[in-house]
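Colleague: If you use our numbering, the sequence shown closes out at 572, no skipped numbers anywhere. Idealized CB from N, CA, C, for every residue including glycine.
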Amino acid sequence: MLRATNIDSLSREAFDVLVLGAGINGAVAAAALAARGAKVALIDRGDFAGFTSQESSNLAWGGIKYMENFEFPLVRKLCVSRNLLLRSYPSAVQEIRFYTAHERGFRHGLFKLFLGTWLYWIIGSFFTKIPRLLSRRTIAREEPIINLDGCDGGFEYSDAYLVDNDARFVWGFVRAALDHGACAANYVESLGARRDGDAWVTRARDVLSGRELAIRSRALVNACGPFVDAHNALTGQRTDHRHIFSKGIHLIVERLTPSRRVLTFFADDGRLFFVIPMGPRTCIGTTDTRVERPETEVTAEDRRFVLSNINKRLDLPRPLTEADIIAERCGVRPLAVQDGGGAADWLQLSRKHVLEVNRAEAHVSIFGGKLTDCIHVGDEVCAAAQELGVALPRPAARWYGEPGEAVRQEFFRKARELDLDALAPRASERLSARLWRRYGAGALELLEEIRRDPGMAGAPIDGVDDVRCEIAYAARREMVAKLEDFLRRRTRIALLLRREELARSPGLREACRTLFGDDADRRLEEYLEERGAPRPSEASVEAPAEAKAPAAELPLP
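1) Please go through the region 342 to 403 and give each complete alpha helix (DSSP H) segment of 4 or more residues, from N-terminal end onward.
2) For a quick check, are the C-beta atoms of H195 and A49 less than 9 Å apart?
3) Compute every distance between the C-beta of R210 and the non-hydrogen atoms of the ligand PLP, then say whether any falls below 8 Å.
4) Using the beta-carbon count (16 or more within 10 Å), is P570 buried or exposed?
5) May I ask you to report which of helix, strand or coil DSSP gives G187?
6) Counting along the chain, where does the beta strand (DSSP E) carrying Q109 start and finish?
7) Please return the same chain residues whose Cβ sits closer than 6 Å to the Cβ of D436, not counting the five positions on each side in sequence.
8) Using three-state DSSP, classify P408 as helix, strand or coil.
9) To test your reading of the DSSP string, which unbroken beta strand (DSSP E) runs of 3 or more residues are found completely within the region 127 to 208?
10) Can you check whether the CB of R18 is closer than 9 Å to the CB of N201?
11) Check whether the region 122 to 136 touches the region 78 to 91, taking contact to mean three or more Cβ pairs, one atom from each stretch, closer than 8 Å.
12) Could you check whether the region 261 to 278 touches the region 289 to 300, counting it as contact only if at least three pairs of C-beta atoms, one from each stretch, sit closer than 8 Å?
13) Specify the secondary structure class of G300 as computed by DSSP and reduced to three states.
14) Whose CA, out of S261, A282, V290, lies closest to the CA of P273?
15) Could you please give me the residues that DSSP links to H265 through a beta bridge?
16) May I ask you to report which of helix, strand or coil DSSP gives V495?
17) Starting from H256, follow its DSSP beta bridges and name the residues at the other end.
18) Use the C-beta contact count for A191: other C-beta atoms within 10 angstroms, 16 or more gives buried, fewer gives exposed.
19) Would you check if there are 3 or more beta carbon pairs closer than 8 Å linking the region 87 to 104 to the region 249 to 264?
20) Could you have a look at W215 and say whether DSSP puts it in helix, strand or coil?
21) To test your reading of the DSSP string, which unbroken alpha helix (DSSP H) runs of 4 or more residues are found completely within the region 462 to 510?
22) May I ask you to report which of helix, strand or coil DSSP gives E227?
23) Once you ignore the five residues that flank T506 on each side, which residues in its own chain have a CB closer than 6 Å to its CB?
24) DSSP three-state label for N73, please.
25) Under a three-way DSSP split, which group does L35 fall into?
26) Give me the Cα-Cα distance between A518 and R483, rounded to the nearest whole angstrom.
27) In this structure, does DSSP put M293 in helix, strand or coil?
28) Just how far apart, CA to CA, sit G212 and D255?
29) How far does the beta strand (DSSP E) with R276 in it reach, from first residue to last?
30) For F288, which residues does DSSP report across the bridge?
31) Within the same chain, show all residues whose beta-carbon is closer than 8 Å to that of E337, passing over the 5 residues directly before and after it, in chain order.
32) Our contact map puts V216 next to R209 with C-beta atoms below 8 Å; I'd like the distance itself, whole angstroms only.
33) Please list the terminal residues of the continuous alpha helix (DSSP H) segment that includes A56.
34) Between the Cα of C389 and those of D533, I340, L149, D181, spot the shortest distance and give me the residue it belongs to.
35) How is the alpha helix (DSSP H) around L93 delimited, first residue to last?
36) Using 10 angstroms around the beta-carbon of A29, count the other beta-carbons present and answer buried if the total reaches 16, otherwise exposed.
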């Protein structure tokens, strides 16, 4: 098992760099360092992307809201980062239109905001489609779901979004780090670190087994997200920056509009408020609430705020209520502030990242940040590692991006010869497009499985597109330690189905058997207990007949 093997390696070997925290900052740090030749270890006390990085809006945007505070250099930097993601991940990160209705009496007039979108487009190097001014009549024709009471028009501009979920995108960087020789393990908690000569010795504990180990590394990168300050206290690090926290929540409901746009409004508190497509569902939010701790939950007040705002701004057949909520997302934004400042005007704070480097002790702390700017974070960590004396034998190696065009063409050629998309006729999108987007070159391995057994292209869990070969692939290569890792982070199944519906699915038990073998029943019970979902009935124990029926092989050159 990959995870067990890696944990053994953590205790035996010495590393150039140990990265603590496997959210987006830690994942890109490990991927960049490993690709450029450093010997890297990566650990997280939970699952990869299991905290802040699984709770985003799934948007990769250039920070148009920061223009209100005249933070044009930051907007430029984020636009460049967004454009780089669009070029580097054309399947996973795609341009999407933001469709904004403007209410009369808002603090900025419609034409001023429209001019702002043009300036945003110019700052972004004209990389996306041109902004467009919208009349009330145009909005009524194109998006009749928008309530136009009090609206004097709107505008449309472009940014980007993740076609799959944020945690899946983060996992791609973890997988890239592994492919370049990094040693990564989830559910391994740092208990603190100390200097021993010219090295760090980090005490760690396998959260699942209780085993303790010591990890030696030349340098230490603290990428613990909202827990950076807490871990710095364990290692005696004093920094100029610290975090304050803003809680954001999203509610997921049935699809509200068939269009592939982000509907954008200004909520009652004046903040941007989104209606975001999520495959067959819609994600609505977000809130912006100051909290004192990273651990948060969705409150009744949060739900009322989101539902009230959406019901005011959309002309729905009936108002949305809590009964319409399929799933919820809740996380904190760790906002970097200089010690002693930032508390009074925290609503104006940006998501910029800051690296603090302690050269004397070979320690790096990463504060703040957002998914959009992740590639720059990886490059900056590499530069910091070199300052600390870590050798990078391949300093110019490209460590991010989808596989090259030749690999892509080979995959789609073989997919056509297999007539892959015809094997999943009820899927919400073409199976070939989804496998390539999620697995890149690994999708060729999935094609071979389907050629040997066409039943592997079947989706065992009703209501989602994930097919059997993906579950088997996750069991082999994606370090799934708990059922939630698969349902919530390697896929977005838990965001698309209600807990009760998922618990009743016969395919869920089948997926558990594939992922965990003889331990399937215990893992399923553990998940249902943690999620508060009802137990499946005895009638759901058997796998669907199609899963057990033998199938003839299909040709694949």
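Modeller: Let me lay it out:
1) List check, alpha helix (DSSP H) in window: 389 to 402.
2) Yes. Within cutoff.
3) In the structure on display, the ligand PLP does not appear, and there are no ligands present to speak of.
4) Here the model assigns P570 a pLDDT of 37, short of 50, so the residue's position is not dependable, and the following value carries that caveat. Exposed is the call here.
5) Look at G187 here: in three-state DSSP terms it is helix.
6) Run containing Q109: 108 to 118, per the beta strand (DSSP E) assignment.
7) Cβ neighbours of D436 beyond the five flanking positions: R445, L446, S447.
8) Three-state result, P408: coil.
9) Within the region 127 to 208, the complete beta strand (DSSP E) runs of at least 3 residues are 147 to 149, 166 to 177, 198 to 200.
10) For the pair N201 and R18, the CB atoms are nearer than the 9 Å cut-off.
11) Touching, yes, given that three or more Cβ pairs across the two stretches are closer than 8 Å.
12) The count of Cβ pairs closer than 8 Å, one atom from the region 261 to 278 and one from the region 289 to 300, reaches three, so the stretches are in contact.
13) Here G300 sits in strand by DSSP.
14) The shortest Cα separation from P273 among S261, A282, V290 belongs to V290.
15) The partner list for H265 (beta bridge, DSSP) reads G300, R344.
16) Under the three-state reduction of DSSP output, V495 falls in the coil class, being neither helix nor strand.
17) Answer is Q353, bridged to H256.
18) So A191 counts as buried.
19) Segments in contact, no.
20) W215 sits in a strand when the DSSP states are folded into three classes.
21) Taking only runs of at least 4 residues, the alpha helix (DSSP H) segments lying wholly in the region 462 to 510 are 483 to 492.
22) DSSP, read as helix, strand or coil, puts E227 in strand.
23) Close CB contacts of T506 within its chain, under the 6 Å cut and outside five residues either way in sequence, are with D481 (chain order).
24) Three-state DSSP puts N73 in coil, outside helix and strand.
25) The answer is strand: DSSP assigns L35 an E or B state.
26) The straight-line gap separating the alpha-carbon atoms of A518 and R483 is approximately 18 Å.
27) Strand at M293.
28) One C-alpha to the other measures close to 25 Å.
29) Going by DSSP, R276 is part of the beta strand (DSSP E) stretching over 276 to 281.
30) Answer is F280.
31) R318, L322, listed in sequence order.
32) About 6 Å; that satisfies the 8 Å criterion.
33) Careful: A56 lies outside any alpha helix (DSSP H), inside the beta strand (DSSP E) at 55 to 58.
34) The alpha carbon of C389 has as its nearest neighbour, out of D533, I340, L149, D181, the alpha carbon of D181.
35) For L93, the enclosing alpha helix (DSSP H) stretches over residues 87 to 103.
36) In this structure A29 is exposed. Its beta-carbon is surrounded by fewer than 16 other beta-carbon atoms within 10 angstroms.
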